[in-house]
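1 is the number of the first residue of the sequence shown in UniProt numbering; add one for each residue after it.
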Amino acid sequence: MADMQALLAMWAEKFAVYPDGAELPTHHDHCLGCGPNNPHGHHLRALRHGDGVQAWHTFDNRHVGAPGIVHGGAVATVVDDLYGCLLFLEGGPAVTRQLTIEYLAPVLIGAEYRLQADVVRREGRKLFVAARATEPDGRAVITSTAVFVKVSVEHFAQGSPPGVPAD
């Protein structure tokens with residue numbers, strides 16, 4: 001990330017109009033949730049689904065908590081990143097203000113889950129969102145709500161690594 005301005009410009013271009021069913025872009029190559037080049041990541045791929053987003057995801061042994069069960073933090077990471085993909089439909093970036101996950105059943109290593117996220121309401125700069133993950137038979141294993149606050153792309157220049165100028 002030597003050139004923060006180039007990164008910010010590239011990321012800003014991702015807030016575009018996507019047709020229903022379109023695969024949404026990754027946040028960046030090394031994103032923990034969706035980055036294809038993060039060896040520890042989840043490699044999440046989200047599609048536009050109406051006014052929301054959906055994805056299918058299988059957790060693997062890198063995400064284990066108790067034997068055979070996904071670590072709750074790994075589940076929260078995927079849900080937070082799914083919300084991040086939903087932001088591509090909102091025309092600009094936002095940051096997580098609050099994230100709540102309700103674990104209804106164990107999320108299992110090796111099982112495929114369908115994830116869905118939607119905006120529930122907008123209030124000024126705040127976006128109130130909801131998500132769920134279900135088994136193939138439709139049984140919910142998690143539900144989630146969150147609040148995101150819209151920010152400018154320049155907000156992310158604050159995360160420049162030491163020695164990398166933000167401008």
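From the three backbone atoms N, C-alpha and C, an ideal C-beta is built for every residue, glycine too.
Exercise for the section: Use the C-beta contact count for H63: other C-beta atoms within 10 angstroms, 16 or more gives buried, fewer gives exposed. Expected result: Result: buried.
Exercise for the section: Go to T26, then tell me how far its beta strand (DSSP E) extends in each direction, as first and last residue. Expected result: Taken as a continuous stretch (DSSP letters only), T26 belongs to no beta strand (DSSP E), as it is neither H nor E.
Practice task
Assign R62 to one of three DSSP states: helix, strand, or coil.
Solution key: Of the three classes helix, strand and coil, the one that applies to R62 here is helix, per DSSP.
Exercise for the section: Pick out the complete alpha helix (DSSP H) segments inside the UniProt domain "Thioesterase" (68-140), 4 residues or longer, and give them in chain order. Expected result: Listed in chain order, they are 72-86.
Problem - Option nearest G50 by Cα separation, candidates G41, Y18, V79 - result: Looking from the CA of G50, the closest CA among G41, Y18, V79 belongs to Y18.
Handout entry: Sequence-distant residues of the same chain with beta carbon closer than 6 Å to V119, five excluded per side
Key = Correct list, in chain order: L127, V129.
Problem - Beta-carbon proximity of L86 to A117, cut-off 7 Å - result: Contact: yes.
Problem - Sub-7 Å separation of A48 and A6 beta-carbons - result: The sequence shown places Arg at residue 48, rather than the Ala named in the question. If you check the CB distance, R48 and A6 do not come in under 7 Å.
Exercise for the section: Whole angstroms is fine: what's the gap from D20's alpha carbon to A55's? Expected result: Cα to Cα, D20 sits roughly 13 Å from A55.
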